[in-house]
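Numbering (my numbering), first residue to last: 61 to 180. Yeah, the Cβ is synthetic: ideal placement off N, Cα and C, and Gly gets one too. This one's a predicted model, so the numbers in the text were calculated from it and none came from an experiment. Input: a single structure, listed below in structure tokens.
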């Protein structure tokens, strides 16, 4: 697991206040699952192609979908952007979007970091 991307303890402490509370059954290790989400998004692979060390691909996918709907990633991105120079750029020019990707915005699964989308 040494060559896999894992969030550091400091990074986890910084974003943990934005995680929803666990109700009932304790969640699977947040650090591994979030690192798996980052791996999938960074590399543009299918959820099932994430290395097993991150956990079950279904858990990684379900956490991403659930937390996206709850706005967890929006709050994390907004907090992280506050410390910078006000510019947050994501380069996705190497990814090919599937024709159904446009429906993600309608379903509320696409994080909107800037206020420009809300103002429009």
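Residues in its own chain within less than 6 angstroms of residue i by CB, not counting five upstream and five downstream?
| i | result |
| --- | --- |
| residue 62 | Residue placement at residue 62 is flagged as unreliable, the pLDDT there being 49, under the threshold of 50; the coordinate-derived value follows with that caveat. Same-chain partners within the cutoff: there are none. |
| residue 91 | 67, 72 |
| residue 74 | none |
| residue 70 | none |
Can residue i and residue j be called in contact, C-beta distance under 8 angstroms?
| i | j | result |
| --- | --- | --- |
| residue 114 | residue 124 | no |
| residue 132 | residue 80 | yes |
Go through its chain and collect everything with a Cβ distance to residue i's Cβ below 8 angstroms, but skip five positions before and after it.
| i | result |
| --- | --- |
| residue 83 | none |
| residue 89 | 115 |
| residue 78 | 132, 135, 136, 139 |
Cutting at 7 angstroms between CB atoms, please list the residues of its own chain near residue i, excluding the five before and the five after it.
| i | result |
| --- | --- |
| residue 110 | 96, 99, 100, 117, 120 |
Can you tell me which of the options puts its alpha carbon nearest to the alpha carbon of residue i?
| i | options | result |
| --- | --- | --- |
| residue 68 | 86, 94, 127 | 94 |
| residue 102 | 127, 66, 126 | 66 |
| residue 64 | 112, 128, 142 | 112 |
Run the proximity test for residue i: is its beta-carbon closer than 7 angstroms to any non-hydrogen atom belonging to the ligand SAH?
| i | result |
| --- | --- |
| residue 69 | This structure lacks the ligand SAH; in fact it carries no ligand of any kind. |
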